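So the structure is just underneath, and the comments pick up after that.
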Amino acid sequence: MTAGHRNAAVQLRKPGAGTTAPERRSRADDVYAGLKRDIAEFRLVPGDRFTEQEVSERLGVSRTPVRQALFRLQQEGFVQVQFRNGWRVLPFDFEQFEQLYDLRTLYETEAVRRVCARAPRVDRALLDDLARIWLVPQAERCSDGEQVAAWDEAFHCTLVQAAGNAEMARAHREVTERIRIIRRLDFTQESRITATYDEHAQILRAVLAQRADEANRLLSAHIALSHAEVRKITLHQMHLARRIGG
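What follows is the structure, given as structure tokens:
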């Protein structure tokens, strides 16, 4: 990977990074992130039951941040409190994810339409940042699934950000955060990493050439395929986790 590629990666790891000071993470934030990661990586599978005390002892923290983290996860639909019986991991709500993917597609295709039309406030310099990541020779492509997942999220957020509507970008980031728990699975297979590079390059070239219809056709197909792959991988991983756990 070239130095320019690495520098661009740092810039695109978090859209808007560097504009504000990073927020200090609380202990509850750390517990929340850890539990959500356990659910995403199927160390906790739908139906698993546990208590606040068990989590507290495992993580070496008091029950207060554990309870705060669990209530946050409950609001997001990942766990449910059981009266006098601790907590239970809820099944993934695939219907809700379907709706979130639809909403994501609406935001992104509208952003592409505005960018290609060079609407007021469009920031085309952001597209150059994307090009430094995705329009690279095949030999310079990154094979680290975790890194590509971060760049993939930044690609889509930056497309929306480039349209120049801050509220649309904010709403799109909220949708992105809600689907992140399953979307990250799309980069556990080498073939999906290769496909993401190829598809992002095609989309970006069409956007740079201001071919809005082509760009949106490619973008919609890319999101739909990724969604289908993620669902298939999620169901497979859940099946394996239950077999191992059983």
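Using UniProt numbering, the first residue of the sequence shown is number 1, and each one after it goes up by one.
In this text, a Cβ means the ideal position worked out from N, Cα and C, and glycines have one as well.
Note that this is a predicted model, so its numbers are computed, not measured.
For this session: Please go through the same chain and pick out, in chain order, the residues whose beta-carbon is closer than 7 Å to the beta-carbon of Thr234, but skip the five residues on each side of it.
Result: Here residue 234 is taken as the residue at index 234 of the sequence shown, counted from 1. The residues are Phe92, Ile182 and Leu185.
Exercise. From what residue to what residue does the beta strand (DSSP E) around Val45 run?
Worked result: Numbered from its first residue, the sequence shown carries residue 45 at position 45. Run containing Val45: none; DSSP gives neither H nor E here.
Problem set entry | DSSP bridge partner residues for Phe50 (one or two, in chain order) | As a working note, residue 50 is residue 50 in the sequence shown. Phe50 pairs with Trp87.
Exercise. Gln80 by DSSP, collapsed to three states: which one?
Worked result: As a position in the sequence shown, residue 80 is number 80, starting the count at 1. Strand.
Exercise. How long is the line joining the alpha carbons of Ile179 and Ala139, rounded to whole angstroms?
Worked result: Translated into positions along the sequence shown, residue 179 becomes position 179. Translated into positions along the sequence shown, residue 139 becomes position 139. When rounded, the distance between both Cα atoms is 30 Å.
For this session: Would you check if the distance between the CB atom of Ala201 and the CB atom of Trp151 is smaller than 8 Å?
Result: Start at 1 with the first residue of the sequence shown, and residue 201 comes out as number 201. Start at 1 with the first residue of the sequence shown, and residue 151 comes out as number 151. Not a contact, by the Cβ cut-off of 8 Å.
For this session: Using beta-carbon positions only, say whether Glu52 and Val31 come within less than 8 Å of one another.
Result: Within the sequence shown, residue 52 is the residue found at index 52, counting from 1. Within the sequence shown, residue 31 is the residue found at index 31, counting from 1. Not closer than 8 Å, so no.
Problem set entry | Unbroken alpha helix (DSSP H) run spanning Gln96, endpoints | Residue 96 sits at position 96 when you count from the first residue of the sequence shown. Taken as a continuous stretch (DSSP letters only), the alpha helix (DSSP H) holding Gln96 covers Phe94 to Cys116.
For this session: Check each candidate in Leu204, Arg72 and Thr64 and name the one with the smallest Cα separation from Asp128.
Result: Reading the sequence shown from its first residue, position 128 is the one you call residue 128. The residue with the shortest Cα to Cα distance from Asp128 is Leu204.
Exercise. Would you call the segment 161-169 and the segment 222-230 touching, i.e. three or more CB-CB distances under 8 Å?
Worked result: no
Problem set entry | Segment limits, alpha helix (DSSP H) that includes Ala149 | Taking the first residue of the sequence shown as position 1, residue 149 is located at position 149. Its alpha helix (DSSP H) spans residues Gly145 to Ala162.
Problem set entry | Alpha carbon of Leu199 to alpha carbon of Ala119, nearest angstrom | Residue 199 sits at position 199 when you count from the first residue of the sequence shown. Residue 119 sits at position 119 when you count from the first residue of the sequence shown. In the sequence as displayed, the identity of residue 199 is Glu instead of Leu. Going by the C-alpha atoms only, they are around 25 Å apart.
For this session: Would you give the residue range spanned by the alpha helix (DSSP H) that Ala171 belongs to?
Result: Here the question's residue 171 lines up with position 171 in the sequence shown. Where Ala171 is concerned, the enclosing alpha helix (DSSP H) stretches over Ala166 to Arg183.
Exercise. Does the Cβ-Cβ distance between Leu59 and Gly34 come in under 8 Å?
Worked result: Residue 59 sits at position 59 when you count from the first residue of the sequence shown. Residue 34 sits at position 34 when you count from the first residue of the sequence shown. In contact: Leu59 and Gly34 (Cβ atoms closer than 8 Å).
Problem set entry | Where the alpha helix (DSSP H) through Thr188 begins and ends | Here residue 188 corresponds to residue number 188 of the sequence shown, with the count starting at 1. Unbroken run through Thr188: none, as it is neither H nor E.
Exercise. Which residues in the same chain as Cys157 place their Cβ atom closer than 8 Å to its Cβ, once the five residues preceding and following it in sequence are excluded?
Worked result: As a first step, residue 157 is located in the sequence shown; it is residue number 157 there, counting from the start. Taken in chain order, the residues that qualify are Pro15, Ala169, His172, Arg173 and Thr176.
Problem set entry | Residue interval of the alpha helix (DSSP H) (run including Asp38) | In the sequence shown, counting from the first residue as 1, residue 38 sits at position 38. Here the alpha helix (DSSP H) through Asp38 covers Arg27 to Ala40.
Problem set entry | Arg27 beta carbon less than 8 Å from that of Val61 | As a first step, residue 61 is located in the sequence shown; it is residue number 61 there, counting from the start. As a first step, residue 27 is located in the sequence shown; it is residue number 27 there, counting from the start. For Val61 and Arg27, yes; Cβs fall inside 8 Å.
Problem set entry | Distance, Glu57 Cα to Ala189 Cα | As a position in the sequence shown, residue 189 is number 189, starting the count at 1. As a position in the sequence shown, residue 57 is number 57, starting the count at 1. According to the sequence displayed, residue 189 carries Gln and not Ala. Each residue's alpha carbon lies about 34 Å from the other.
Exercise. Taking the alpha helix (DSSP H) that Ala69 falls in, what are its first and last residues?
Worked result: For the purposes of this step, residue 69 is identified with residue 69 of the sequence shown, where counting begins at 1. Ala69 -> alpha helix (DSSP H) spans Arg63 to Gln75.
For this session: Can you grab the Cα-Cα spacing for the pair Arg84 / Arg49, in whole Å?
Result: Taking the sequence shown and counting its residues from 1, the one referred to as residue 84 is at position 84. Taking the sequence shown and counting its residues from 1, the one referred to as residue 49 is at position 49. Going from the Cα of Arg84 to the Cα of Arg49 covers about 12 Å.
Exercise. How would you call Gln75, buried or exposed, if buried means at least 16 neighbouring beta carbons within 10 angstroms?
Worked result: Reading the sequence shown from its first residue, position 75 is the one you call residue 75. Classification for Gln75: exposed.
Problem set entry | Trp87 versus Arg72, Phe97, Phe94 and Gln99, residue with shortest Cα-Cα distance | In the sequence shown, the residue the question calls residue 87 occupies position 87. Checking every option, the nearest Cα to that of Trp87 belongs to Arg72.
Exercise. According to DSSP, is Val122 helix, strand or coil?
Worked result: Taking the first residue of the sequence shown as 1, we reach residue 122 at position 122. If DSSP states are grouped into helix, strand and coil, Val122 belongs with coil.
For this session: With a threshold of 16 other CB atoms inside 10 Å of the CB of Glu108, please say whether the residue is buried or exposed.
Result: As a working mapping, residue 108 is identified with position 108 in the sequence shown. The residue is buried, with at least 16 neighbouring Cβ atoms inside 10 Å.
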